[in-house]
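Q: The C-terminal position of the sequence shown is numbered 1017 in the numbering used here, with every residue numbered one higher than the one before it.
Glycine included, each C-beta is placed from N, C-alpha and C at the ideal position.
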Amino acid sequence: MSDSFRWPAGADPFRFLEALDSKRARTWVDEQNARTRAALRDDDAFRALTARLAKAYLPRERPVIPTRWRDWAYDLWQDDLHPKGLWRRTRWDDWRAGRPAWETLLDVDALGAEEGESWVFEQDAILYPDGDRALLSLSPGGADAVVVREFDLVERRFVDGGFTIDEPGHHTIGWIDRDTVYVSWDRGEAHATAAGYPYEARRWVRGTPLSDAPVVFRGEPDDISAGAGFDPIDNRHVAWRSVDFFDAHAYRLTEAGEWARYDVPTHVEVGFWEGWLVLEPRLDWDCGGVRHAGGSLLAIREQAFLAGSRELTTLFAPQPSTSACTWTHTRTMLIASWLDDVHNRTMLWQPRQADDGTWTWDARPFDWPGDAQIDVEPVESTLNDEVYVDVDTYLDPPECWLADLADRAADAPSRRVLLDRPPVQFDAAGLVVRRASARSRDGTMVPYTLIGPRDALDALDAPGGAARVARPCLLSGYGGFAIPNLPGYSDAFGIGWLERGGVLAFAHIRGGGEFGPRWHVDAQREHRQRSFDDFIAVAEDLAATGVTTAAQLGIEGGSNGGLLVAACMAQRPELFGAVLCRVPLLDMRRYPKLHAGAAWLDEYGDPDDPREGAALAAYSPYHRVREGVAYPPLLLTTSTRDDRVHPAHARKMAARMHALGHERVWYWENTDGGHGSADDLERAESDAAEFGFLWAHLGPAPAQR
């Protein structure tokens, strides 16, 4: 590695921007926000687009798809009058009959107004089987940190003297019984892992101080986190130690009251269902004389495993075109889902025990007509085999169906019930979806998905074809943490981009989860440059095929995707006409010391390690930008309340680029919201400003033929 790619010597002149709420940093943020507000958030076009997006995000009249808990249907209703939401419930049978009598349990907006805090409803844990109490997690401004309060569902109020944690933190809490909970209590930096999470689990009894609750399970300070939980259905106590972002030890509480670790490698995720261990190896695993590929789904009776058997049943074995497998379950069926060439596939598995005690698994596919992304989720897994089926076809509003998997023809049109088909929010006439691929620097073929006007994309179907009309194109990417970048129906992209004649492109680059563990590992740690090479290859292909030109090509990404687009901008600025960089990681030298960054060492590598540090220094956008280079216009956005990716990444990048003389850099810091928007009204404003920025530098689109 060339010395030019070593970390620079000397102090960081913009380190002061890491002090979240210092007067100097706040003054800088206020000045930047004022500049960006004048440029992007203060004209009639912005206000009109904001109003239209807000109406699409929060329509007054829309179907409700509730969460079922036993005989109740729960819902967090949000609209323009209640952007933070009304937490409410009705009887399930009444909702299914079309006559719900909604009972408001908590008005989150009213609570915030009363307490002077922008509360965001994050999570509820209802006491099983009583159903009259809940543990609520509320986030200040949408941050990852939460407070905890016990709620009386009958009296519809918080419980005086109940289980309460008033100081925001990365707490996790769950019921053991009515008067006892497991809690991983975030007591502050001195008692947390380097990533900022607790590594102890306490057993907290009602009426006692949390500080006196005994620690019943403890991880290590160099773990990512640790905790414990209880499953009342199986009467099972479990604990875990996350040793890095991807891997963990799993434990069970024995009859002797001791924690016993399951004898599997840390990369094998352990799940539980109806007496079965469901095992998901992330990497190839030799077990019982058999090599199981990373991304497989395996099952064995727990008692047999504990007795020493390693005869695993393979429910899913990955192929070169498939992703890893994920699973969930209903009362009697295991639902396995994966991607095959970036299209959803679902298989239903049902275990059966013969008279001689042996077990077999029956399998049947769960098919759905058309080229759609399908997500199958249980409605109430303790009761029956009903599922919600979410169907997304990119250009039509998503549908939600109700199906009963106990019916072997549940996927037949006559056996399913349509629950939700939102109104059309943008004009998709003349739009088409196409698939293409680009050759990366090392020869790997990288697929991408295109959505846009027919006259721009139809010609691509011919061998060697090229689009007839080059158009503004927005290329989206992520490429990290084994998360696939899947396109789907989007009111925002439809209204703000497609309806105005733009083309959307989604790059399925390495680092993501589109094609299994190897697709991710190939761009992990010191191999991160492969993600950037893949993205650059897609950008070059879009121009080479005439879909767009460099001047018309915008790129966008958030979080790890923000790192992606900033790194590509720094390496190949001539390829892009505008860059939208949201809540990004950008300073790859200090990322482990900023908020949750230490949790991601296994993804990016250690900046203090000679080999990995050299790789990080080679692409760290904050260190890579230079004076005198013609970079495309750049919009950086973040949030003061983002306690996952520190806003200092975006702050320092904007400050450094301005100091280097790059004036076409705008910065916006939302004072509310966490790693995403706090509510949909705020999201509408942000989206309107971002689309305004993109069209100002990439548009206009040519007239459609």
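Kindly give me the distance between the Cβ atoms of Ala902 and Gly874, rounded to whole angstroms, as I take these residues to be in contact under 8 Å.
A: Note on residue identity: the sequence assigns Arg, not Ala, to residue 902. In fact, because the Cβ distance is near 16 Å, the residues do not count as touching under 8 Å.
Q: Write down every uninterrupted run of the beta strand (DSSP E) in the stretch 633-677 whose length is 3 residues or greater and which is fully enclosed by it, in chain order.
A: The stretch 633-677 contains these whole beta strand (DSSP E) runs: 638-641, 646-652, 655-665, 671-677.
Q: Measure the C-alpha to C-alpha separation of Pro452 and Ala337 and round it to an integer number of angstroms.
A: Cα to Cα, the separation comes out at about 21 Å.
Q: What are the boundary residues of the beta strand (DSSP E) that Ile848 is part of?
A: Segment 841-856 is the alpha helix (DSSP H) holding Ile848; no beta strand (DSSP E) there.
Q: Let me know if Ala331 comes out buried or exposed under the rule of 16 or more other beta-carbons within 10 Å of its beta-carbon.
A: Counting Cβ neighbours within 10 Å, Ala331 comes out exposed, since fewer than 16 surround it.
Q: Given this structure, state the Cα-to-Cα distance separating Arg613 from Ala551, to the nearest angstrom.
A: Answer to the nearest angstrom: the Cα atoms are 19 Å apart.
Q: Flag this pair as touching only if the stretch 731-738 and the stretch 672-685 have three or more C-beta atom pairs under 8 Å; answer yes or no.
A: Segments in contact, no.
Q: In terms of DSSP beta bridges, what is Pro821 paired with?
A: The amino acid at residue 821 is misidentified as Pro; the sequence shows Ile. Paired residues: none, contrary to the question.
Q: What are the residues that DSSP puts in a beta bridge with His549?
A: In the DSSP output, where bridge partners are listed per residue, His549 has Phe542.
Q: Roughly how many angstroms lie between the CA atoms of Phe1005 and Arg603, to the nearest whole one?
A: In a straight line, the C-alpha of Phe1005 is about 51 Å away from that of Arg603.
Q: Which word fits Leu730, buried or exposed, when buried means at least 16 other C-beta atoms lie within 10 angstroms of its C-beta?
A: So Leu730 ends up on the exposed side.
Q: Residues in its own chain within less than 6 Å of Gly583 by CB, not counting five upstream and five downstream?
A: Within the same chain, Gly583 has close Cβ partners Val590.
Q: According to the Cβ coordinates, are Ser635 and Gly606 closer than 8 Å?
A: Against a cut-off of 8 Å, the Cβ pair of Gly606 and Ser635 comes out as no contact.
Q: Among residues of its own chain, excluding the 5 on either side of Gly322, which ones have a beta-carbon nearer than 6 Å to its beta-carbon?
A: If we look at Gly322 and ignore the five residues flanking it on each side, it has no Cβ neighbours.
Q: Give the C-beta separation of Pro533 and Thr505 to the nearest angstrom, bearing in mind that I take them to be a contact with Cβ-Cβ under 8 Å.
A: Yes, they are in contact, since the Cβ atoms of Pro533 and Thr505 sit about 6 Å apart, within 8 Å.
Q: Leaving out five residues before and five after Ala513 in sequence, what residues of the same chain have Cβ atoms less than 8 Å from its Cβ?
A: Hits under 8 Å: Tyr494, Val495, Ser496, Val527, Val528, Phe529, Arg530, Ala538, Gly539, Ala540, Ala551.
Q: Which class does Asn900 belong to by DSSP, given the choice of helix, strand or coil?
A: It should be noted that the sequence gives Met, not Asn, for residue 900. In the structure shown, Met900 sits in coil (DSSP, three-state: anything other than H, G, I, E or B).
Q: What three-state label does DSSP hand Arg884 in the structure shown?
A: Coil.
Q: Please look up how many angstroms separate the CB atoms of Ala817 and Thr761, rounded, as I've assumed it's under 8 Å.
A: Their Cβ separation, rounded to whole angstroms, is 7 Å, which keeps Ala817 and Thr761 in contact under 8 Å.
Q: Along the alpha helix (DSSP H) that carries Arg490, what are the first and last residues, could you check?
A: Arg490 -> no alpha helix (DSSP H), and no H or E assigned at all.
Q: Consider the C-beta atom of Leu875 and the heavy atoms of the ligand NAD; say whether any pair is separated by less than 7 Å.
A: Of ligands this structure carries none, so the ligand NAD is not represented either.
Q: Out of Gln864, Arg968, Asp383, point me to the one whose CA is closest to Phe328's CA.
A: Here the closest residue by C-alpha is Arg968.
Q: Taking 8 Å as the limit between beta carbons, can you name the residues of its chain near Gln883, skipping five residues before and five after?
A: For Gln883, where only same-chain residues beyond five positions count, the Cβ hits under 8 Å are Phe844, Ile848, Tyr931, Arg936.
Q: Label Ala856 either buried or exposed according to how many other C-beta atoms from any shown protein chain fall within 10 Å of its C-beta, with 16 as the threshold for buried.
A: Burial call: exposed.
Q: Would you be able to state if there are at least three C-beta pairs under 8 Å between the stretch 393-401 and the stretch 415-435?
A: Touching, yes.
Q: Per DSSP, Met757 is paired with what?
A: Met757 pairs with Arg751.
Q: Using the three-state DSSP reduction, which class does Asp315 fall into: helix, strand or coil?
A: Here Asp315 scores only 42 on pLDDT, less than 50, and its place in the model is too uncertain to base an answer on.
Q: Leaving out five residues before and five after Arg573 in sequence, what residues of the same chain have Cβ atoms less than 8 Å from its Cβ?
A: Excluding sequence neighbours, Arg573 sits near His561, Ala562, Tyr563.
Q: Would Thr638 and Trp673 be called neighbours here (beta carbons separated by less than 8 Å)?
A: Not a contact, by the Cβ cut-off of 8 Å.
Q: Would a C-beta distance cut-off of 8 Å place Asp387 and Leu370 closer than the cut-off?
A: Taking 8 Å as the Cβ cut-off, Asp387 and Leu370 do not qualify as a contacting pair.
Q: What residue range does the alpha helix (DSSP H) around Ile536 cover?
A: Run containing Ile536: none; DSSP gives neither H nor E here.
Q: Quick check: what's the CA-CA separation for Thr379 versus Val977?
A: If you take the alpha carbons of Thr379 and Val977, they lie about 43 Å apart.
Q: Less than 8 Å between the C-beta atoms of Asp535 and Val555, yes or no?
A: In contact: Asp535 and Val555 (Cβ atoms closer than 8 Å).
Q: In or out: Asn656 buried (at least 16 other Cβ within 10 Å) or exposed?
A: Counting Cβ neighbours within 10 Å, Asn656 comes out buried, since at least 16 surround it.
Q: Please state whether the Cβ-Cβ distance between Gly791 and Arg822 is less than 8 Å.
A: Going by C-beta atoms, Gly791 is nearer than 8 Å to Arg822.
Q: I need the straight-line Cα distance from Glu997 to Thr362, nearest angstrom please.
A: Their backbone Cα atoms lie some 5 Å apart in a straight line.
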